[in-house]
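Undergrad: I have a structure I would like to understand better, so I am pasting it below and will then ask my questions one at a time.
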Amino acid sequence: MNFRKGWYRVNALEEKVCRCVDEMREEIIGFLQEIVGQASCNPPGDTRGVVRAICSKLESSQISYETFLVDEVHESVVATINAGQSPNLLFNSHIDTVPVGEESRWTYGPFSGEIVDGKLYGRGSADAKGSVAPMIMAGKVLQLCGIQLNGSLSINPVADEEMGGAKGVKHLIDTGKLKPDMVVIGEITTNEIAIAEKGIIWLEFTSYGRTAHASTPWDGVNAISKMVKFLYLLEEELTERFAARRHPLTPPPSFNFGMIKGGVKANVVADQCKAVFDRRILPFETLEGTLDEVNEIIAKAQQEDPEIKIDVKVLDYGAPLETAPEEPFVQTALDVCKEFGIKNEPVGYQQASDGRFFSEMKIPTILLGPGDPSLAHSPNEFIPVEQVIQATKMYALLAMRSLGTIS
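Numbering (the UniProt record's numbering) for the sequence shown: 1 to 407.
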């Protein structure tokens with residue numbers, strides 16, 4: 001059963017569900033292999049093949065569902081048990097993946113789903129089809145075991161997470177298709193409960209100069225030189241400020257200069273330069289505060305060099321996520337962890353997820369899923385088979401305990 005002896009309060013109904021998961025082990029892993037075998041790299045983000053496989057499994061499980069196609073390729077699913085009943089627990093995870101990269105770096109085919117030494121290999125095996133499969137199979141197990149939930153359970157495999165979610169979960173929220181009371185985001189947490197993640201801000205800096213011939217550069221103002229001067233100061237200032245800025249669960253705040261482009265020709269003094277800046281903010285930081293900090297540093301740069309002229313533009317923003325550890329839903333999830341001998345203290349998530357959309361709506365949101373986050377987006381991505389089986393049990397028990405069951 002994989003329960004830790006002496007722990008807590010597993011009842012006969014929950015034992016029945018976990019036995020059923022064990023009996024369906026081959027089907028669970030086979031289903032994961034099937035959806036890993038459906039390429040869904042983003043870009044272009046075509047998830048239709050994965051959706052066909054998911055819908056087939058939902059039909060055989062007698063779980064009702066709807067599909068939602070945004071443009072020609074970004075397709076998502078909302079499947080619901082006990083539709084219309086409250087409260088609603090949402091299981092959300094994504095079915096798009098990052099590209100494979102150089103295929104020669106893969107020991108096993110990126111869409112093979114090959115199992116070697118208890119590890120299932122393939123792009124998306126961990127991030128995040130390794131959560132999608134056990135979420136759906138948990139729903140099937142609950143149906144097979146005749147579990148009557150005191151509320152509704154929605155299972156929501158979505159497109160476009162890897163490109164920001166606009167054509168996936170955000171579209172479903174904006175069109176009123178998702179109205180949960182509690183949310184589990186299936187991401188790679190080694191089946192621990194994560195309740196916090198950093199937010200993302202992409203800024204574009206534009207510096208302005210004045211053109212001149214390269215043989216007389218003193219007649220112009222080099223926008224590239226001014227940008228370099230500013231970026232050096234920005235790096236120096238933020239590194240110093242971040243040294244004391246910490247959150248107890250997430251990695252430290254961070255920044256990266258990801259792209260820079262300027263000038264038109266080697267023998268012309270550049271009159272414009274653009275740089276794109278990735279800033280990861282802690283749960284207590286804000287977009288407004290980040291912009292104030294950046295503008296303060298721009299002002300300092302201009303004091304040191306009045307020829308520096310820089311504009312800043314927000315290209316993208318994803319809010320951080322944080323759910324209070326004392327939230328009853330979090331405590332219920334941690335109790336489920338106890339049953340399997342997993343750390344029953346909340347952790348932080350290293351990357352970003354679709355959970356931010358629900359956190360912004362003040363909906364209790366946690367992240368829970370099998371796999372090692374350090375393997376995300378890497379060649380030879382894999383997921384331990386045993387963690388997938390464990391996650392299936394955990395999702396099923398979490399649904400039963402957070403919604404309650406009807407005798």
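Glycine residues also receive a C-beta, built at the ideal position from the N, C-alpha and C atoms.
Please classify Gly6: is it buried, with 16 or more other beta-carbons within 10 angstroms of its beta-carbon, or exposed?
TA: Because the pLDDT at Gly6 is just 44, under 50, the model does not fix this residue reliably, and the point stays unresolved.
Undergrad: If I follow the unbroken beta strand (DSSP E) through Met259, where does it start and stop?
TA: Ser254 to Gly262
Undergrad: Determine contact between the region 102–117 and the region 181–190, defined as no fewer than three beta-carbon pairs at a distance below 8 Å.
TA: no
Undergrad: How far does the beta strand (DSSP E) with Ala391 in it reach, from first residue to last?
TA: Boundaries for Ala391: no beta strand (DSSP E) harbours it, while the alpha helix (DSSP H) harbouring it runs Val385 to Leu403, taken from the DSSP string.
Undergrad: Taking the beta carbon of Ala12 as the centre, do at least 16 other beta carbons fall within 10 Å, making it buried, or is it exposed?
TA: exposed
Undergrad: When the Cβ atoms of the region 33–50 are set against those of the region 156–174, are three or more pairs found closer than 8 Å?
TA: yes
Undergrad: Please state if the CB of Cys20 and the CB of Cys145 are separated by a distance shorter than 8 Å.
TA: Contact: yes.
Undergrad: When we look at the beta-carbon of Val314 and count the other beta-carbons within 10 Å, is it buried (16 or more) or exposed?
TA: exposed
Undergrad: Quick test of the definition: if touching needs 3 or more C-beta pairs under 8 Å, does the region 334–342 touch the region 161–169?
TA: no
Undergrad: Less than 8 Å separating the beta-carbons of Ile308 and Lys226?
TA: yes
Undergrad: Compute the beta-carbon to beta-carbon distance between Ile28 and Pro110, rounded to the nearest angstrom, for a pair I have assumed lies under 8 Å.
TA: 21 Å between Cβ atoms; not a contact.
Undergrad: According to the Cβ coordinates, are Pro87 and Gly139 closer than 8 Å?
TA: With respect to the 8 Å criterion, Pro87 and Gly139 are not classified as neighbours on the basis of their beta carbons.
Undergrad: Taking all protein chains shown into account, do 16 or more other C-beta atoms lie within 10 angstroms of the C-beta of Phe284, making it buried, or fewer, making it exposed?
TA: exposed
Undergrad: Using only the alpha-carbon positions, how far apart do Arg4 and Gln38 sit?
TA: Here the model assigns Arg4 a pLDDT of 47, short of 50, so the residue's position is not dependable, and the following value carries that caveat. Distance between the alpha carbons of Arg4 and Gln38 is about 36 Å.
Undergrad: If Ile54 sits next to Ile81, beta carbons under 8 Å apart, how far is it from one beta carbon to the other, in whole angstroms?
TA: Ile54 to Ile81, Cβ: 15 Å. No contact.
Undergrad: For Thr365, which residues does DSSP report across the bridge?
TA: Val183
Undergrad: Under the rule that 16 or more other beta-carbon atoms within 10 Å means buried, what is Ser207, buried or exposed?
TA: buried
Undergrad: Here's a check: name, in chain order, each residue in its chain whose Cβ is nearer than 8 Å to the Cβ of Arg246, leaving out the five neighbours to either side.
TA: Counting only residues of its own chain and dropping the five nearest sequence neighbours on each side, Arg246 has a CB closer than 8 Å to the CB of Pro252 and Leu282.
Undergrad: Could you tell me which of Asn191, Gly124 and Gly209 sits nearest to Gln387, measuring between CA atoms?
TA: Asn191
Undergrad: Kindly list the residues whose CB is nearer than 7 Å to the CB of Ala83, restricted to its own chain and excluding five residues on each side of it in sequence; keep chain order.
TA: Ser64 and Ser152
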